[in-house]
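Peer 1:
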Amino acid sequence: NAGVTQTPKFRILKIGQSMTLQCTQDMNHNYMYWYRQDPGMGLKLIYYSVGAGITDKGEVPNGYNVSRSTTEDFPLRLELAAPSQTSVYFCASSSGTAQETQYFGPGTRLLVL
Amino acid sequence: DQQVKQNSPSLSVQEGRISILNCDYTNSMFDYFLWYKKYPAEGPTFLISISSIKDKNEDGRFTVFLNKSAKHLSLHIVPSQPGDSAVYFCAASALPLVFGKGTRLSVIA
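If you read the sequences in order, they're chains A and B.
Start counting the first sequence at 1; every next residue gets the next number (my numbering).
Start counting the second sequence at 1001; every next residue gets the next number (my numbering).
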């Protein structure tokens, strides 16, 4: 059982480039999330989705876009990368209620130069 | 404004001793709390949780205590082991979860 998978593991982008971070879960979870973790900081929510076709902004959505066309996939799009987007990005999923455990992927480390 | 605070960025403990990680919250509507553990280069993993109807929950070496009147919870690890060295995040139930900034625990052999 793969759980939550993320690709790529590491990427270097130049300022102004764009890319998509991929996230897939095989647990049939309705809820999926994207977080970023900056050095010495906690997890900040970028976007989340409560089901296919439904997405909502989190705490730090600027500079990012998401889509949720299937239950399994929740890609995160960076348009016009900026150095401030250098971070580690984690995707997570849960079955739905606030008391349900979130399962995290291994993360994507992004460096914008 | 942080709703979940972990005021100690780091903690060092000797192997075999007790580790106590603290967490404070401001929103009295939170009714469920979780602790996640994170190793370097990995995603966080769920460790233990507690409902607001309880004041203690135990799972092996890990115990979480909740003091609702003080809006405070703590994670106790006894005995601490070198493999416990990680960053620990406190989280409060909401959709989505509200995470603290984490405490880095170092268990010294």
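We treat Cβ as the ideally placed atom computed from N, Cα and C, and that holds for glycine.
Of all Cβ atoms in chain B, is any one closer than 9 angstroms to the Cβ of residue 110 of chain A?
Peer 2: Mapped onto the first sequence, residue 110 of chain A falls at position 110. Chain B contact via Cβ: absent.
Peer 1: Run through the region 53 to 79 of chain A for me and flag every whole beta strand (DSSP E) of 3 or more residues, listed as ranges in chain order.
Peer 2: DSSP runs (the beta strand (DSSP E)) wholly in the region 53 to 79 of chain A: 54 to 57, 64 to 66 and 76 to 78.
Peer 1: Under 9 angstroms between the Cβ atoms of residue 75 of chain A and residue 23 of chain A?
Peer 2: Numbered from 1 along the first sequence, position 75 holds the residue referred to as residue 75 of chain A. Numbered from 1 along the first sequence, position 23 holds the residue referred to as residue 23 of chain A. Yes. Within cutoff.
Peer 1: Could you give the DSSP three-state label for residue 84 of chain A: helix, strand or coil?
Peer 2: On the first sequence, position 84 is the one that residue 84 of chain A refers to. If DSSP states are grouped into helix, strand and coil, residue 84 of chain A belongs with the helices.
Peer 1: Given a cut-off of 9 angstroms, decide if residue 1043 of chain B and residue 105 of chain A are closer than it, judged by their beta-carbon atoms.
Peer 2: As a working mapping, residue 105 of chain A is identified with position 105 in the first sequence. As a working mapping, residue 1043 of chain B is identified with position 43 in the second sequence. Yes, these two residues count as a Cβ contact at 9 angstroms.
Peer 1: Quick check: is the beta carbon of residue 102 of chain A nearer than 9 angstroms to any beta carbon in chain B?
Peer 2: Position 102 of the first sequence, counted from the first residue, corresponds to residue 102 of chain A. Taking Cβ atoms only, chain B reaches closer than 9 angstroms to residue 102 of chain A, which makes this a yes.
Peer 1: Out of curiosity, what's the CA-to-CA distance linking residue 14 of chain A and residue 1078 of chain B?
Peer 2: Numbered from 1 along the first sequence, position 14 holds the residue referred to as residue 14 of chain A. Numbered from 1 along the second sequence, position 78 holds the residue referred to as residue 1078 of chain B. Those two C-alpha atoms are separated by around 47 angstroms.
Peer 1: Is the region 83 to 92 of chain A close to the region 33 to 50 of chain A, with three or more CB pairs under 8 angstroms?
Peer 2: Contact between the region 83 to 92 of chain A and the region 33 to 50 of chain A is present, because at least three Cβ pairs lie under 8 angstroms.
Peer 1: Which of the three DSSP states, helix, strand or coil, is assigned to residue 185 of chain A?
Peer 2: Residue 185 of chain A is absent from the model: chain A starts at 1 and stops at 113.
Peer 1: Helix, strand or coil: which one does DSSP assign to residue 1084 of chain B?
Peer 2: For the purposes of this step, residue 1084 of chain B is identified with residue 84 of the second sequence, where counting begins at 1. In this structure, residue 1084 of chain B counts as helix in the three-state DSSP scheme.
Peer 1: When burial is assigned at 16 or more other CB atoms within 10 Å of the CB, is residue 1025 of chain B buried or exposed?
Peer 2: Stepping through the second sequence from its first residue, residue 1025 of chain B is reached at position 25. Its Cβ being crowded by 16 or more others within 10 Å, residue 1025 of chain B is buried.
Peer 1: Mind the definition here: the region 1064 to 1081 of chain B touches the region 1010 to 1022 of chain B only if three or more C-beta pairs lie below 8 angstroms; say whether that holds.
Peer 2: Cβ pair count under 8 angstroms is three or more, so yes.
Peer 1: What residues in its chain sit with their C-beta under 6 angstroms from that of residue 1066 of chain B, if we drop five residues either side in the sequence?
Peer 2: In the second sequence, the residue the question calls residue 1066 of chain B occupies position 66. Counting only Cβ-Cβ distances below 6 angstroms, and skipping sequence neighbours, we find 1050, 1055 and 1073.
Peer 1: Taking residue 106 of chain A as the query, report the chain B residues whose CB atoms sit under 7 angstroms from its CB, ordered along the chain.
Peer 2: Residue mapping note: residue 106 of chain A aligns to position 106 of the first sequence, counting from 1. Per Cβ cutoff of 7 angstroms: 1042 and 1043.
Peer 1: Residue 1053 of chain B and residue 1064 of chain B: beta carbons closer than 9 angstroms?
Peer 2: Start at 1 with the first residue of the second sequence, and residue 1053 of chain B comes out as number 53. Start at 1 with the first residue of the second sequence, and residue 1064 of chain B comes out as number 64. Contact: no.
Peer 1: Under the three-state reduction of DSSP, which class applies to residue 1058 of chain B: helix, strand or coil?
Peer 2: Against the second sequence, residue 1058 of chain B aligns to sequence position 58. Reduced to three states, the DSSP call for residue 1058 of chain B is strand.
Peer 1: State buried or exposed for residue 1097 of chain B, treating a residue as buried only when at least 16 other CB atoms are found within 10 Å of its CB.
Peer 2: By one-based count along the second sequence, residue 1097 of chain B stands at place 97. Buried.
Peer 1: Does any residue of chain B have a CB that is nearer than 9 angstroms to the CB of residue 53 of chain A?
Peer 2: Your numbering for residue 53 of chain A matches position 53 in the first sequence. So, not an interface residue.
Peer 1: I'd like to know if residue 90 of chain A contacts chain B, where contact means its C-beta is closer than 9 angstroms to some C-beta of that chain.
Peer 2: Working through the first sequence from its first residue, we reach residue 90 of chain A at position 90. It does: the Cβ of residue 90 of chain A has a partner Cβ on chain B nearer than 9 angstroms.
Peer 1: On the CB-based measure, 16 or more other CB atoms within 10 Å of its CB, does residue 32 of chain A come out buried or exposed?
Peer 2: Walking along the first sequence from the start, residue 32 of chain A turns up at place 32. When all chains shown are included, residue 32 of chain A counts as buried.
Peer 1: Tell me whether residue 110 of chain A sits in a helix, a strand or coil according to DSSP, three-state version.
Peer 2: By one-based count along the first sequence, residue 110 of chain A stands at place 110. Strand, per DSSP.
Peer 1: On the DSSP letters alone, give me the boundaries of the beta strand (DSSP E) that residue 51 of chain A sits inside.
Peer 2: If you number the first sequence from 1, residue 51 of chain A lands on position 51. 43 to 51 is the extent of the beta strand (DSSP E) around residue 51 of chain A.
Peer 1: Could you work out which residues of chain B lie near residue 48 of chain A, taking near to mean beta carbons separated by less than 7 angstroms?
Peer 2: Along the first sequence, read from residue 1 onward, the residue named residue 48 of chain A stands at position 48. Those within 7 angstroms of residue 48 of chain A in chain B are 1096.
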